[in-house]
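What follows is one structure encoded as structure tokens, with my remarks underneath.
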Amino acid sequence: MSYYKIENLEQYFKHYNKSIREPRKFWGKIAEENFTWYQHWEKVVDFNMADAEVKWFTDAKVNITKNCIDRHLSKRGEKTAIIFEPNDPSESALHITYNI
């Protein structure tokens with residue numbers, strides 16, 4: 000699993016143009032390389048512009064906690080995942096790690 004990163008405006012436009020020209024190939028690769036899937040998709044994108052209907056990753060199944068939290072445990076377990084800022088300014092912020 001990689002971590003997708005665009006480092007400058009030139010790269011942004013390069014990737015943006017690829018995403019417009021070949022959305023199935025572009026987003027399929029992003030999804031494959033950056034997320035863990037329990038069930039692979041039938042189609043990356045299926046759209047009907049006449050009815051303004053777009054479906055992404057049809058029939059795919061993904062576990063959001065696996066992709067947002069669990070995959071970070073081995074390398075970032077003790078690093079801050081969430082910073083909770085209480086409403087009361089006299090209370091300190093709470094730093095919650097991936098390991099909790």
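Numbering that gives the first Met the number 0 applies: residue 0 is where the sequence shown begins, and numbers increase by one.
Glycine included, each C-beta is placed from N, C-alpha and C at the ideal position.
These numbers were taken from a predicted model, which means no experiment stands behind them.
In the structure shown, the three-state DSSP call for Phe56 is strand. Annotation for Thr96: the continuous beta strand (DSSP E) segment containing it runs Leu93 to Thr96. Taking 8 Å as the cut-off, the beta carbon of Thr57 is found no closer than this to the beta carbon of Glu31. Ala80 is a Cβ neighbour of Ile68, given a cutoff of 8 Å. In the structure shown, the three-state DSSP call for Tyr37 is strand. Residues of the same chain with their beta carbon placed closer than 7 Å to that of Asn86 are lacking, with the five preceding and five following residues left out of the count. Distance from the CA of Trp36 to the CA of Asn66, rounded to the nearest whole angstrom, comes to 9 Å.
The C-alpha of Ser73 lies about 26 Å from the C-alpha of Trp26. DSSP places Ala51 outside both helix and strand once states are collapsed to three, so it counts as coil.
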